[in-house]
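This report concerns only the one structure given below.
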Amino acid sequence: MPMRLFRSGWGRASGNVSGNLGTWMVISAVVTVAATTMNYLASGRSGSNWGHLAAVAGMFLGILVMMKAQDGHVPPEVPDEDEMP
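Numbering (our numbering), first residue to last: 4 to 88.
What follows is the structure in structure tokens.
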């Protein structure tokens, strides 16, 4: 039963992200820029975790950009082996 709930929740979450891809990209870009700025301003202090947040938000933004690049992609048709010369 817990796995069924997890899978149904995951499907709704991934549908929400793919349905609002542009919004999620803007949010992630803003968080990345804000965390990078905070990391730059706090660079003199030790133990600043703003760099970690900037890295994670940047990775999430990269994944979203790759998802957007694949949106609407139609792979070319590959001929069957029987039709090849």
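All C-beta atoms, glycine included, are put in the ideal place defined by N, C-alpha and C.
My assumption, with CB atoms under 8 Å, is that residue 35 sits in contact with residue 61. Please give the rounded CB distance.
About 5 Å separates the two Cβ atoms, so the contact holds.
Alpha helix (DSSP H) containing residue 42: first to last residue?
Counting along the chain, the alpha helix (DSSP H) containing residue 42 begins and ends at 24 to 44.
Buried or exposed, going by whether 16 or more other CB atoms sit within 10 Å of the CB of residue 72?
By the 10 Å Cβ count, residue 72 comes out exposed.
Note down, in chain order, each residue of its chain lying with its Cβ closer than 8 Å to the Cβ of residue 38, except the 5 sequence neighbours on either side.
Closer than 8 Å at Cβ, skipping near neighbours: 53, 54, 56, 57, 60.
Buried or exposed (CB count within 10 angstroms, at least 16 for buried), residue 21
By the Cβ-count criterion, residue 21 is exposed, with fewer than 16 other Cβ atoms from all chains shown falling within 10 Å of its own Cβ.
Would DSSP call residue 4 helix, strand or coil?
Caution is warranted here: a pLDDT of 49 is assigned to residue 4, below 50, making its placement in the model unreliable, and the coordinate value is therefore given only provisionally. Here residue 4 carries a coil assignment [DSSP, helix/strand/coil].
In whole angstroms, what separates the C-alpha of residue 65 from that of residue 32?
Answer to the nearest angstrom: the Cα atoms are 10 Å apart.
Please classify residue 44: is it buried, with 16 or more other beta-carbons within 10 angstroms of its beta-carbon, or exposed?
Residue 44 comes out exposed.
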